[in-house]
Structure formats: C-alpha cells, structure tokens
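Numbered according to mature numbering (1 follows the signal peptide of the UniProt record, and there is no 0), the sequence shown spans residues -29 to -1, 1 to 356.
Worksheet: the structure to be examined is printed underneath.
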Amino acid sequence: MLRLSPWARLGLACGLLGLSLGFGPSARAAEGHGDDHGKPAAKAASKEPGKDAGKESAKEGSKEAGKDTGKGAREGSRTEVEKAGSQPVAAGVSMTELRDLIDQKIAEVRSKNETAPVLRVSPKTAPAPRARVKPGGSEAHGNSPQAAAAAAAHRAGSQGHDVHWAYAGDTGPESWGRLRPEFQTCMLGKRQSPIDIRDGIPVQLEPIQFDYRPTPFKVIDNGHTVQVNVEPGNAISVLGHRYELVQFHFHRPSEERLNGRQFDMVAHMVHKDVDGKLAVVAVLIEQGKAHPAVQLVWNSLPLEKGMEQRSPVMLDLLALLPEDQRYVTYMGSLTTPPCSEGVLWMVLKQPVQFSREQMNVFARMYPMNARPIQNAAGRMIKDGQ
C-alpha cells in the first residue's frame, strides 16, 4: 500500500496544481519550485483572474514540503508528475478537492501496477556489520549459531555414550577402527599385532635381563580380561634400555602364533620406559600341571567387574617365567584399542603350564578374548638362538 506523509501529499498536490496552471510536463516544471525557469510560467499564470489564491497556496505548500522532505521527496514525485500530463483542473480548488485529486492519481497508478513513490523519513542508522568470511569466500561455519549448536550436541552425545569394544558382534575386532576416532589405527595401521611369527632370521639375541622381585599386587576384572597391577620397582633391560613393569594380563587362546601354532592362553607383561615407549613380554601357556603363582592371582579375583582387589600376599614375578627365556622379537602394536603402534614385542618360545582347572577359571569369565591374526606385512622378525 502506498503511504505519503502529509507534507509529501501537499507537495504532490502543488505539482498537480502547477500542471493545471499551465506548466508543461517537462522535468524543469517538476523541479522548478521558484527557480529561474519556473518564473515566467508563474507570472503568466498570475495574470489569469481568480487564480491568485491558488498561486499563493502552491508557493507556501511547495516551500514547506521542501523543508520536510528535501530534494529526495521532490525527485521521488518527479516521475509521477511527468506521467500525469497536463490535465486541467479547476482554478481555486479547496484543500479537500486537492486531496481527492491526489487519491485519484494514486488509484490510477495502482491500477496500472506502477510504483508510485513512497516517502519515508527515518533516522540515519549505521549499516549492519558484515559477516566474517574465511579466505576462500565461504562464511565461517564456526561462527554460526547452527554450527555452535551442532558442536554442543555432538559433545553432549559423546560424553553420554562411551563406546564399549568387544571381541565379537557389532563392536568386535572388525569394527574397532570405526567405533571412535582414536581407534582408527586398529583399521589403518600397517604394523599391527598379533601376527603369526614364522620365518624369523636366526640370530644371537641379547638375553632379556629380568629385574623382578616379590611384590604387592592388585587384581582387577576390567571387562576385557583379568589384569594384575604391580608396585613399581620391577623392570627388564634389553639392548641397554630399561622398561618398568606396569601390569600383566591374560588372553584365551593365545593371540600370537609360533609357526602357525596357537597356544591355550598367553600372559602379556606390559613394560614402559621413561619416554612412554612400550615393550611387551609374551609368556605362552599350555595345559599341564598347576602353576602356584597364577593360583595366587585367581585367589584374589574381585567379585565385581571394575573392582580392584588387593592381595594379602606377595607375588613372585620370576615364577611366571619359563626356564628357557630365548625369544623372538618384532615391532608391532597393542592388541586392544587404540591399537597404538611402535611396541617392541618379545615372545618367549618356551611355554609355561597351567592346570585344566586353572584354565577353566579364566574360561568361565572370558571364553575368548583374542584379537585375530594381523598381516605381518614383511616385517623384520628375529629368532633368538
């Protein structure tokens, strides 16, 4: 709907009145509110009887309209005044008749789907700040409310739903690399464990120096295996490098294989150096006579998963090792998520024995918790003689 302020309507009326008084439809007549080009026309009009009142009214109306709307209002009404032509109106018309004439012209414009000028007077405001744009031309997504809401929803979801990996089903080994971003190495890594250890290069390897002693220990069922946490002070030295024993745990059946042979169980003894690098000694287990040291571990099994049970007795860690400590070695990874690589593996070739009953204790808790064999990918394997 077209809206005109009272002063703009009066200005337009003056323009229309000027046409009726003899001004031509040119741009000069529309703009000439008292300029040099408008004066002759005004003088000629004043000589006609009965039109003096209309002339004075037009002058005063034009003057006040110019003060209110300025040059912009005059320019806005210029087009419609030119289109209006020089239709004559009666001289000495009243203000009511002028308003009726203006309303008639506006109605004509609307009926022709033309755009009549809409005059608005508003305070000057500063332009809205432009959105920051990243190099390349697109708006920075991090600054948008939608992106912020999506990020907040994502954070809330990940904190409330901790993915639990498993050894079978939808969260089994084939899916580990897709469960969480930090597990991608399980799927994309090139030096993963376990492997089938075969065709190693026969060499004289430096013996592993086991600096183990009887130690306090705690047993925890962490939901994936039975793990034994030991006190500091137990370590190994190999190739002049010292690694501190952190914990050991069990898998059934053994994860690694020796020349294709898989054993009943394996114990992984996890060590760490001062730089955080890992070295794992794998002790293969086969069925045979009872093992006194592992019985101490079974005696301290917790009643609940996630519960850590302290043993009242000391554990002799050296008793867990076979007499023959020759080993094969290669570089691999953790066998559980996040499957971090750069782990030094030393697999003792002689197994130790657990009784059937001792193996069944673990089997009742974890019938199978071994990762499948991974691709050796042409890695160097050294076989100690």
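Note that beta-carbon positions come from the ideal geometry of N, C-alpha and C, so glycine has one too.
Expressed to the nearest angstrom, what Euclidean distance is found between the alpha-carbon atoms of residue i and residue j?
{"i": "Pro106", "j": "Glu153", "result": "Low confidence applies to Pro106: its pLDDT is 35, below 50, so where it sits in the model is not reliable, and the reading given next is rough at best. Rounded to whole angstroms, Pro106 to Glu153 spans 30 Å at the Cα level."}
{"i": "residue 409", "j": "Val134", "result": "Residue 409 is absent from the model: the chain starts at -29 and stops at 356."}
{"i": "Pro185", "j": "Phe221", "result": "20 Å"}
{"i": "Gly160", "j": "Glu215", "result": "26 Å"}
{"i": "Gln233", "j": "Leu319", "result": "14 Å"}
{"i": "Asn200", "j": "Val217", "result": "7 Å"}
{"i": "His195", "j": "Ile256", "result": "19 Å"}
{"i": "Trp147", "j": "Thr306", "result": "11 Å"}
{"i": "Leu249", "j": "Pro224", "result": "23 Å"}
{"i": "Ile77", "j": "Asp71", "result": "10 Å"}
{"i": "Pro309", "j": "Thr156", "result": "7 Å"}
{"i": "Pro144", "j": "Asp246", "result": "29 Å"}
{"i": "Arg350", "j": "Asn230", "result": "15 Å"}
{"i": "Ala290", "j": "Ala348", "result": "35 Å"}
{"i": "Glu279", "j": "Asp295", "result": "33 Å"}
{"i": "Tyr301", "j": "Arg228", "result": "13 Å"}
{"i": "Gln180", "j": "Glu226", "result": "24 Å"}
{"i": "Arg149", "j": "Trp316", "result": "26 Å"}
{"i": "Gln266", "j": "Asp182", "result": "22 Å"}
{"i": "Leu288", "j": "Val314", "result": "22 Å"}
{"i": "Ser282", "j": "Lys260", "result": "23 Å"}
{"i": "Gln356", "j": "Val209", "result": "16 Å"}
{"i": "Asn270", "j": "Thr142", "result": "31 Å"}
{"i": "Thr67", "j": "Asp74", "result": "11 Å"}
{"i": "Pro263", "j": "Ile352", "result": "33 Å"}
{"i": "Gln151", "j": "Pro178", "result": "This sequence places Arg at residue 151; Gln is not what is there. One C-alpha to the other measures close to 39 Å."}
{"i": "Gly204", "j": "Met240", "result": "14 Å"}
Can you list, in chain order, the residues of its chain with a C-beta nearer than 7 Å to that of residue i? Leave out the 5 residues immediately preceding and following it.
{"i": "Gln345", "result": "Gln163, Ser164, Pro165 and Ile166"}
{"i": "Met330", "result": "Asp235, Met236 and Gln258"}
{"i": "Glu202", "result": "Thr186 and Pro187"}
{"i": "Met285", "result": "Pro185, Thr186 and Pro187"}
Please state whether DSSP places residue i in a helix, a strand or coil.
{"i": "Glu215", "result": "strand"}
{"i": "Asp170", "result": "coil"}
{"i": "Met134", "result": "For clarity, residue 134 is Val in the given sequence; the question names Met instead. Val134: coil per DSSP, three-state reduction."}
{"i": "Gln356", "result": "coil"}
{"i": "Pro322", "result": "strand"}
{"i": "Gln329", "result": "helix"}
{"i": "Gln266", "result": "helix"}
{"i": "Gln75", "result": "helix"}
Below 6 Å CB to CB, which residues in the same chain sit around residue i once its five sequence neighbours on both sides are set aside?
{"i": "Asp192", "result": "Pro273 and Lys276"}
{"i": "Glu312", "result": "Gly160, Arg162 and Ser304"}
{"i": "Asp354", "result": "Gly171, Pro173 and Val299"}
{"i": "Arg297", "result": "Lys320 and Gly355"}
{"i": "Ala238", "result": "Phe219, Phe221 and Val254"}
{"i": "Ala341", "result": "His222, Pro224 and Glu226"}
Using a Cβ-Cβ cutoff of less than 8 Å, which residues in the same chain neighbour residue i once the five nearest sequence positions on both sides are dropped?
{"i": "Val197", "result": "Val190, Ile191, His220, Phe221, Val268, Leu272, Phe333, Met336 and Tyr337"}
{"i": "Glu31", "result": "Interpretation of Glu31 is limited by its pLDDT of 47, a score under 50 that renders its predicted location unreliable; the figure taken from the coordinates is listed afterwards. Correct list: empty, nothing qualifies."}
{"i": "Met339", "result": "Tyr138, Ala139, Arg223 and Pro224"}
{"i": "Asp244", "result": "His212, Arg213, Tyr214, Glu215 and Ala250"}
{"i": "His242", "result": "Ala206, Ile207, Tyr214, Glu215, Leu216, Val217, Leu249, Ala250, Val251 and Val252"}
{"i": "Pro322", "result": "Phe234, Val254, Leu255, Ile256, Glu257 and Pro293"}
What are the complete beta strand (DSSP E) segments, minimum 3 residues, inside the stretch 278 to 316?
Here the runs fully enclosed are 279 to 281 and 298 to 304.
Mind listing, in chain order, the continuous beta strand (DSSP E) runs of no fewer than 3 residues lying wholly within the stretch 191 to 257?
Counting only runs of 3+ residues, the beta strand (DSSP E) found wholly inside the stretch 191 to 257 occupies 197 to 201, 206 to 209, 212 to 222 and 236 to 243, in chain order.
Answer yes if the stretch 172 to 187 comes into contact with the stretch 321 to 329, meaning at least three C-beta pairs across the two stretches below 8 Å, and no otherwise.
With the cut-off at 8 Å, the stretch 321 to 329 and the stretch 172 to 187 do not touch.
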